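Heads up: the structure comes next, in structure tokens.
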Amino acid sequence: MSTPTGHPSRLDRLLSYIESDSTNLALRNDAIREACDAGEWKIARALIESGLSKHPGSAALLASLGLVELQAQRYVEAECALVAALAGGLEAPEVRFNLAFCRFGLGDYAQALELLADPVLVPVLPIALLLRARCLHHLDRPLEAIADCKAYLEFASDDADAKGLLSLLLYEKRSLSEARGLSEAALLQNATQLEAMLTLGALAADERDYETAASTYLTLVEAHPLCGRGWLGLALVDLLRMRMDSAKRYIALATATMPDHIGSLHVLAWIEVVRGNFPEARSAFQRALSIDRNFAETHGGLAVVAVLEGDGAAATACIKRALRLQPGCLSARYADALALDRAGKREAAQAAFEELMSTRIADEGGSYRSFVAAHLRSLRDDPETATMFATRH
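Quick note, in my numbering, the sequence shown goes up one by one and the last residue is 849.
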């Protein structure tokens, strides 16, 4: 490696010094830092590993090993090295931040947040505010996450990731105009910024601009193939467009990347309801139930499946559970209307359905209302299942 002028780089010079003084730990640590700064991760790893053979237990070398493992997204190995570095007495803010980032990568958001609470971190590493905001988002503490995002932007006003994350947080709090502006600003700086693309995709879907939504989500998953929310967005858009085969493919990818995400399991279940695959729908709802038994829309969804399968007793029990947990549960109310229709009580069913679709609901209920509408469209379009109740909508 050499500089543009043809002279050996600083890293080359440090490596040559180490060849003649291999036990000099300070020199080795300088070379490791230089290698990391230059993105020469293989060289850094080799220096660390050979150094640990000469200086076993060196906290500085363990901290560097943690950074190298973190860069490779080997979070378990990184955690072991960083914990050992802290235990060895190295209390540098960078080590604590890297351990927090590692635990974030492992999905341990509460532990990561605890590490980031150290008051010495933010003055030295303001980016700790952004990582803290991400942890708070996952822990469903949006107001604190928004505050930390805004605080970080005071340090780094042009940070695209902070703008993107803040746009998504504000979208989820229904501050739509501000969310749109921030997402567009983030994408001007980074055309594939993940949260900004999620925001724009969701905004387009809300406006029923499904072509734009689908295009946005497709671009997102091409850049971030492990983003479950991107695959989920595509599945939702195609469910609403009644493109059931592609919706099923997309939701399979969403649930593969987010196996414990209840919302994805609900979308999977409703896709199967619309497709008429009731055992598969019931299985997806039961998977959601195993994660959280107190989610009303899961019980409501099971009620819908029970009605469609002709199990009136099971439907009644599920409707009661759902409405006890959430009196306005959309799925349970739909199941009740379907049951009335199946019993031949068309006028009562019609009134129940019209009330369901016209009642003002919280924003989070909008998806379930869309699921109901999609199922009704499938009933309307199938002459074997069409009824007066279904065909009028």
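Idealized CB from N, CA, C, for every residue including glycine. Treat the numbers as computed from the prediction; the structure is a model and nothing was measured.
Practice task
Using beta-carbon positions only, say whether S787 and A759 come within less than 8 angstroms of one another.
Solution key: Yes.
Problem - Inter-stretch contact (C-beta, 8 angstroms, three-pair minimum) for the stretch 685-692 and the stretch 668-677 - result: Contact holds between the stretch 685-692 and the stretch 668-677, because three or more Cβ pairs, one in each stretch, are under 8 angstroms apart.
Problem - Contact set for S834: own chain, Cβ-Cβ below 6 angstroms, skip 5 residues either direction - result: Cβ neighbours of S834 beyond the five flanking positions: V730.
Practice task
In angstroms with no decimal places, state the Cα-to-Cα distance between E496 and A607.
Solution key: Spanning the alpha carbons of E496 and A607 requires a straight line of approximately 33 angstroms.
Exercise for the section: Keeping to the same chain, check which residues put their C-beta closer than 7 angstroms to that of E490; ignore five residues upstream and five downstream. Expected result: Excluding residues within five positions, the ones whose Cβ falls inside 7 angstroms are R466, L467 and L470.
Exercise for the section: Taking only the alpha-carbon atoms, compute the straight-line gap between A773 and L812 and give it to the nearest angstrom. Expected result: C-alpha of A773 to C-alpha of L812: approximately 20 angstroms in a straight line.
Handout entry: Selection from L779, C558 and P575 that minimises the alpha carbon distance to C591
Key = It is C558 whose Cα lies nearest to the Cα of C591.
Exercise for the section: Determine, using beta-carbon pairs with one atom in the stretch 710-721 and one in the stretch 693-701, whether at least three such pairs fall under 8 angstroms. Expected result: Counting Cβ pairs under 8 angstroms, fewer than three are found: no touch.
Practice task
Determine, using beta carbons only, whether S520 and I488 come nearer to each other than 8 angstroms.
Solution key: With respect to the 8 angstroms criterion, S520 and I488 are classified as neighbours on the basis of their beta carbons.
Exercise for the section: Report whether the distance from the Cβ of Y666 to the nearest heavy atom of the ligand MN is below 7 angstroms. Expected result: Within the structure as shown, the ligand MN is missing, as the structure has no ligands at all.
Handout entry: Length at least 3, wholly inside the stretch 706-745: the beta strand (DSSP E) runs in chain order
Key = If one requires a minimum length of 3 residues, no beta strand (DSSP E) run lies completely within the stretch 706-745.
Problem - Pairwise C-alpha distance: Y531 and L542 - result: Whole-angstrom Cα-Cα distance: 16 angstroms.
Exercise for the section: Please name the residue in G756, D665 and A556 whose C-alpha comes closest to that of E535. Expected result: It is A556.
Handout entry: Beta-carbon separation (whole angstroms), I499 vs V524, contact threshold 8 angstroms
Key = Wrong, their Cβ atoms sit about 10 angstroms apart, outside the cutoff.
Problem - beta strand (DSSP E) segments (min. 3 residues) lying fully within the stretch 630-685 - result: With a minimum length of 3 residues, no continuous beta strand (DSSP E) run stays inside the stretch 630-685.
Practice task
Could you say which of L764, L832 and P582 lies nearest to E610 if we only look at CA atoms?
Solution key: With distances taken between Cα atoms, E610 lies closest to P582.
Practice task
Tell me, please, whether the CB atom of K510 is closer than 8 angstroms to any CB atom in chain C?
Solution key: Chain labels in this structure do not include chain C; a single protein chain is all it has.
Problem - Candidates L546, L724, R685 and H593: closest to A568 by CA position - result: Nearest C-alpha to A568: H593.
Practice task
Give the straight-line distance between the Cα atoms of T754 and F734, rounded to the nearest whole angstrom.
Solution key: Our two residues, T754 and F734, have alpha carbons roughly 14 angstroms apart in a direct line.
Problem - Whole runs of the alpha helix (DSSP H) within the stretch 780-805, excluding any shorter than 4 residues - result: Correct list: 786-798.
Exercise for the section: Check D564 in the structure and name its three-state DSSP category. Expected result: If DSSP states are grouped into helix, strand and coil, D564 belongs with coil.
Problem - Identity of the residue in A710, T675, L562 and R636 nearest E663 by Cα - result: Considering only A710, T675, L562 and R636, the residue with the shortest C-alpha distance to E663 is R636.
Exercise for the section: Could you have a look at A778 and say whether DSSP puts it in helix, strand or coil? Expected result: A778 falls in the helix class under three-state DSSP.
Practice task
To the nearest angstrom, report how far apart P598 and G620 are at their CA atoms.
Solution key: C-alpha separation (whole angstroms): 14 angstroms.
Practice task
State the CB to CB distance for the pair A791 and V763, rounded to an integer number of angstroms; the pair is presumed to be in contact (CB under 8 angstroms).
Solution key: Confirmed, Cβ separation roughly 5 angstroms.
Problem - As assigned by DSSP and simplified to three states, the class of S520 - result: Helix at S520.
Problem - Simplified DSSP assignment, three categories, for F557 - result: DSSP, reduced to helix, strand and coil, places F557 within a helical segment of the structure shown.
Problem - Contact under 8 angstroms by Cβ, A752 with C785 - result: In contact: A752 and C785 (Cβ atoms closer than 8 angstroms).
Handout entry: Range covered by the alpha helix (DSSP H) that runs through A543
Key = Y531 to A543 is the span of the alpha helix (DSSP H), which, as asked, contains A543.
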